[in-house]
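Peer 1: Pasting a structure here, questions to come.
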Amino acid sequence: MDAGQSDTTNPVEADGFHVAADGPVRVVFGPGVRGTVDAEMRRLGATRALILTTPQQEAEGRDIADRLGGRAAGLFTGAAMHTPVEVTETALDLLRTLRADCLVAIGGGSTTGLGKALAYRTDLPQIVIPTTYAGSEATPILGQTEDGVKTTLSDPKVLPETILYDPELVLTLPVAMTVTSGLNAMAHAAEALYSPDRTDASDRLAVEGLQAFVNGLPAVVAAPGDVTARAATQRGAWACGTVLGRVGMALHHKICHTLGGAFGLPHAETHAVILPHAIAYNARSAEAELRPISRLLGGEAAGPALHRFAAGLGAPLALRDLGLAEADLDRAADLATTKPYPNPHPVTRGDIRALLQAAWAGDEPIR
Ligand code: NAD
Numbered sequence: 034m035d036a037g038q039s040d041t042t043n044p045v046e047a048d049g050f051h052v053a054a055d056g057p058v059r060v061v062f063g064p065g066v067r068g069t070v071d072a073e074m075r076r077l078g079a080t081r082a083l084i085l086t087t088p089q090q091e092a093e094g095r096d097i098a099d100r101l102g103g104r105a106a107g108l109f110t111g112a113a114m115h116t117p118v119e120v121t122e123t124a125l126d127l128l129r130t131l132r133a134d135c136l137v138a139i140g141g142g143s144t145t146g147l148g149k150a151l152a153y154r155t156d157l158p159q160i161v162i163p164t165t166y167a168g169s170e171a172t173p174i175l176g177q178t179e180d181g182v183k184t185t186l187s188d189p190k191v192l193p194e195t196i197l198y199d200p201e202l203v204l205t206l207p208v209a210m211t212v213t214s215g216l217n218a219m220a221h222a223a224e225a226l227y228s229p230d231r232t233d234a235s236d237r238l239a240v241e242g243l244q245a246f247v248n249g250l251p252a253v254v255a256a257p258g259d260v261t262a263r264a265a266t267q268r269g270a271w272a273c274g275t276v277l278g279r280v281g282m283a284l285h286h287k288i289c290h291t292l293g294g295a296f297g298l299p300h301a302e303t304h305a306v307i308l309p310h311a312i313a314y315n316a317r318s319a320e321a322e323l324r325p326i327s328r329l330l331g332g333e334a335a336g337p338a339l340h341r342f343a344a345g346l347g348a349p350l351a352l353r354d355l356g357l358a359e360a361d362l363d364r365a366a367d368l369a370t371t372k373p374y375p376n377p378h379p380v381t382r383g384d385i386r387a388l389l390q391a392a393w394a395g396d397e398p399i400r
């Protein structure tokens, strides 16, 4: 469907929750909406849920299981970063033993990733309750790791049926993770602005997402327990995740994928560091497309403006602080430039090596 419908339709349901009409995906926003899983299962015709979490969020998973009572078939708490195939296979065995007929994932992108990997293999319906801003819940994209190699696929089976955004669940997200996860989400929207397959609707959604974080992140950093500000950032996560699923990404995502896959750098933090550098790089050829970012951030060029925005939020600014050795920059530049991909500004090995050097040191982005 046209993304324009999704950023304008926002009826309020009888129970007070906001619903976004988003084609095949039912998206519900509101404090306490995690309490509606049972009703959402009934909508999907499901009776036995397998609940998924990371070990760190077992308590949140148990809470959902307690609320579901006999309609909770079981709880799997082994979700892990990068969706390792061996974890998926263990969860698949449990799912079959329990005869579960739907998946309820509560957590960040890692937990959502496990739910998607199971849905890919079984076509079971998914209810996702996101607790970070990564946005994976709104895409048909699945990244999985096997023998240390990460591969990505896109399949309609992977797109969750229902998303429940409950701002009370992001209150526990530590401020540092809030900032990096928010910048991770903004990166999806920033690259959507210059995507070759962007539309007016995807542009509107990207700007809506960026605006939500430009306003919401400073508010959440100032008052992490502010449920209204948290709710605004969740709207942003949905908008940014949705555009990620609808238009192609470019240099920024390529570099982050390389740094995460080959050097094990943490996902959201890496996005936070690279974003100003990749955007400054591409502004050389896509200044007009990136103007909404300048406008939202006070008129300065998009790359430096993002650098200052991130610094003001206390985000990490240097790859060296994430554990990357300077000696790895040559290989990172090689890996990020071996295969050609669409990007607004021509990608050369020398220019990417310079970008990485600046990002490694935490310098202002090169323009
Ligand atoms: P994550 O899911 O790995 O979470 C990091 C840690 O924070 C985990 O221990 C988690 O349990 C904990 N956590 C999550 N929410 C919390 C909360 N509210 N309070 C306290 N702790 C909380 O991190 P992420 O950045 O959300 O996800 C990263 C993964 O998602 C990566 O593997 C990335 O590739 C994937 N991803 C996929 C897509 C896609 O479309 N396929 C999009 C974005 C991200």
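For the sequence shown, this note's numbering assigns the number 34 to the initial residue and increments by one for each residue that follows.
For each residue, glycine too, the CB sits at the ideal point set by N, CA and C.
1) Can you check DSSP and say which residues form a bridge with Lys183?
2) Note down, one range per segment and in chain order, each alpha helix (DSSP H) of at least 4 residues found wholly within the region 317–365.
3) Out of Pro377, Gly383, Thr213, which has the shortest C-alpha to C-alpha gap to Ala366?
4) Closest by CA to Trp271, which one among Pro379, Arg231, Ser235?
5) Helix, strand or coil, according to DSSP, for Ala133 in the structure here?
6) With 16 other CB atoms within 10 Å as the buried threshold, where does Ser187 fall?
7) Can Ala167 be considered in contact with ligand 1, in the sense that its beta carbon sits closer than 7 Å to one or more heavy atoms?
8) Could you check the C-alpha separation between Ala209 and Ala305 for me, to the nearest Å?
9) Do you know whose CA, among Pro337, Ala283, Ala311, lies nearest Lys372's CA?
10) Between Val203 and ligand 1, is there a pair consisting of the residue's CB and a ligand heavy atom that are separated by less than 7 Å?
11) To the nearest whole angstrom, what separates the beta carbons of Leu350 and Pro299, a pair I think is in contact under 8 Å?
12) So what does DSSP say about His286, is it helix, strand or coil?
13) I'd like the ranges of any alpha helix (DSSP H) spanning at least 4 consecutive residues and lying wholly in the region 228–307.
14) Using only the heavy atoms of ligand 1, determine whether one of them is closer than 7 Å to the beta carbon of Gly176.
15) Which residue wins for smallest C-alpha separation from Ala252, given the options Gly242, Ala265, Thr130?
16) What does a CB cutoff of less than 6 Å around Asp199 pick up in its chain, not counting 5 residues either side in sequence?
17) Which first and last residues belong to the alpha helix (DSSP H) in which Gln90 is found?
18) Nearest to Asn217 by alpha carbon, out of Val52, Ala338, Thr165, Leu238?
19) For Ile97 and Ala348, I'd like the C-alpha separation in whole angstroms.
20) Following the continuous beta strand (DSSP E) through Gly107, name the residue where it begins and the one where it ends.
21) Helix, strand or coil for Pro117? Go by DSSP, reduced to three states.
Peer 2: In short:
1) The count along the sequence shown starts at 1 and reaches residue 183 at position 150. Lys183 pairs with Thr178.
2) The qualifying runs are 324–329, 335–345.
3) Locating residue 366 in the sequence shown gives position 333, counting from the first residue. With distances taken between CA atoms, Ala366 lies nearest to Gly383 out of Pro377, Gly383, Thr213.
4) Counting from 1 along the sequence shown, the entry for residue 271 is found at position 238. It is Ser235.
5) Residue 133 sits at position 100 when you count from the first residue of the sequence shown. Residue state, collapsed to three classes: coil.
6) The residue given as residue 187 occupies position 154 in the sequence shown. Around the beta carbon of Ser187, fewer than 16 other beta carbons sit within 10 angstroms, so the residue counts as exposed.
7) The residue you call residue 167 lines up with position 134 of the sequence shown. At least one heavy atom of ligand 1 falls within 7 Å of the beta-carbon of Ala167.
8) Taking the sequence shown and counting its residues from 1, one reaches residue 209 at position 176. Taking the sequence shown and counting its residues from 1, one reaches residue 305 at position 272. Distance between the alpha carbons of Ala209 and Ala305 is about 11 Å.
9) Numbered from 1 along the sequence shown, position 339 holds the residue referred to as residue 372. Among Pro337, Ala283, Ala311, the Cα nearest to that of Lys372 belongs to Ala283.
10) Walking along the sequence shown from the start, residue 203 turns up at place 170. Shortest gap from the CB of Val203 to any heavy atom of ligand 1: under 7 Å.
11) Numbered from 1 along the sequence shown, position 317 holds the residue referred to as residue 350. Numbered from 1 along the sequence shown, position 266 holds the residue referred to as residue 299. About 14 Å separates the two Cβ atoms, so there is no contact after all.
12) Stepping through the sequence shown from its first residue, residue 286 is reached at position 253. Shown here, His286 sits in a helix according to DSSP, grouped into three states.
13) Secondary structure remark: continuous alpha helix (DSSP H) runs of at least 4 residues inside the region 228–307, in chain order: 233–255, 260–279, 284–296.
14) Your numbering for residue 176 matches position 143 in the sequence shown. Shortest gap from the CB of Gly176 to any heavy atom of ligand 1: under 7 Å.
15) Sequence index remark: in the sequence shown, residue 252 carries index 219 (1-based). Answer by Cα proximity: Ala265.
16) Counted from its first residue, the sequence shown places residue 199 at position 166. Only Val66, Arg67 meet the Cβ criterion.
17) Here residue 90 corresponds to residue number 57 of the sequence shown, with the count starting at 1. In the DSSP annotation of this structure, Gln90 is not part of any alpha helix (DSSP H), being labelled neither H nor E.
18) Translated into positions along the sequence shown, residue 217 becomes position 184. Cα-wise, what sits closest to Asn217 is Thr165.
19) Your numbering for residue 97 matches position 64 in the sequence shown. Your numbering for residue 348 matches position 315 in the sequence shown. Each residue's alpha carbon lies about 32 Å from the other.
20) As a working note, residue 107 is residue 74 in the sequence shown. Where Gly107 is concerned, the enclosing beta strand (DSSP E) stretches over 105–109.
21) Working through the sequence shown from its first residue, we reach residue 117 at position 84. Here DSSP, grouped into helix, strand and coil, assigns Pro117 to strand.
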